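Numbering-wise, my numbering puts 9 at position 8 of the sequence shown, and it's gapless, one number per residue. All residues carry an ideal CB built from backbone N, CA and C; glycine is no exception. What you are looking at is a predicted structure, and each value in this text was computed from that prediction instead of being measured.
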Amino acid sequence: MIRSLKEKEYNLLEEFLYQAIYIPEGFSLLERSILQDPDLQMYVKDFGQKDGDFALASEENGQIVGIVWVRLMKDYGYYNDRTPSLSISLLPEFRAKGLGQQLMIAILDLLKSKGYPSVSLSVSKENPAVRFYRRLGFVVVEDRRDDFLMVCTF
2 MIRSLKEKEY NLLEEFLYQA IYIPEGFSLL ERSILQDPDL QMYVKDFGQK
52 DGDFALASEE NGQIVGIVWV RLMKDYGYYN DRTPSLSISL LPEFRAKGLG
102 QQLMIAILDL LKSKGYPSVS LSVSKENPAV RFYRRLGFVV VEDRRDDFLM
152 VCTF
């Protein structure tokens, strides 16, 4: 079931942010202390207190197994001041089951209904999710050294 993330559940964003960090095959997991980095904290700190903060959850048997969230911020996925940056994460055991697609379609529909012109994200060039984002209508607008800036325009 896809639903809005409740305010009391915003504390889960940090765990899902950690799960969203792409680790190429053969590399070790990062220490959780990486989440205190200001470049990562901007994704979750004081979430829900700014205009443009929206989060949807995928819930299975009472457990939140995936979250997609957007925020207007100048992060790795920054495109312009009117385009929110998107983050999505699913618990490993719930990946490749169609839940990510459901979350993405729901957040894209929500953003369209709120009048946003587009949504952006940053993704590592090696991340297999690049194909997933392309299928959903995202296009590469900037090819950087290690990642792509991708945008979906409504």
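Of the candidates E94, N62 and V120, N62 places its Cα closest to the Cα of M2.
When secondary structure is reduced to three states using DSSP, L92 falls in the coil class, being assigned neither helix nor strand.
The segment 68 to 84 makes contact with the segment 106 to 122; the number of CB pairs closer than 8 Å reaches 3 or more. For V69, the beta-bridge partners assigned by DSSP are L57 and I89.
One thing to note: L13 has its Cβ no nearer than 8 Å to the Cβ of G67.
Here M74 has M43 and S86 as same chain residues with Cβ atoms under 7 Å from its own Cβ, once five neighbours each way along the sequence are excluded. Collapsing the DSSP output to three states places L104 in a helix. Residue pairing from DSSP places M151 in a beta bridge opposite L122 and V141.
Under the criterion of beta carbons closer than 8 Å, V152 and F133 do not qualify as touching, at roughly 15 Å. Beyond the five residues adjoining it in sequence on each side, Y11 comes within less than 7 Å, by CB distance, of F48 and G49 in the same chain, given in chain order.
In the three-state DSSP reduction, S5 falls in the strand class (E or B). Between Y19 and R33, the beta carbon gap of about 6 Å places them in contact (Cβ cut-off 8 Å).
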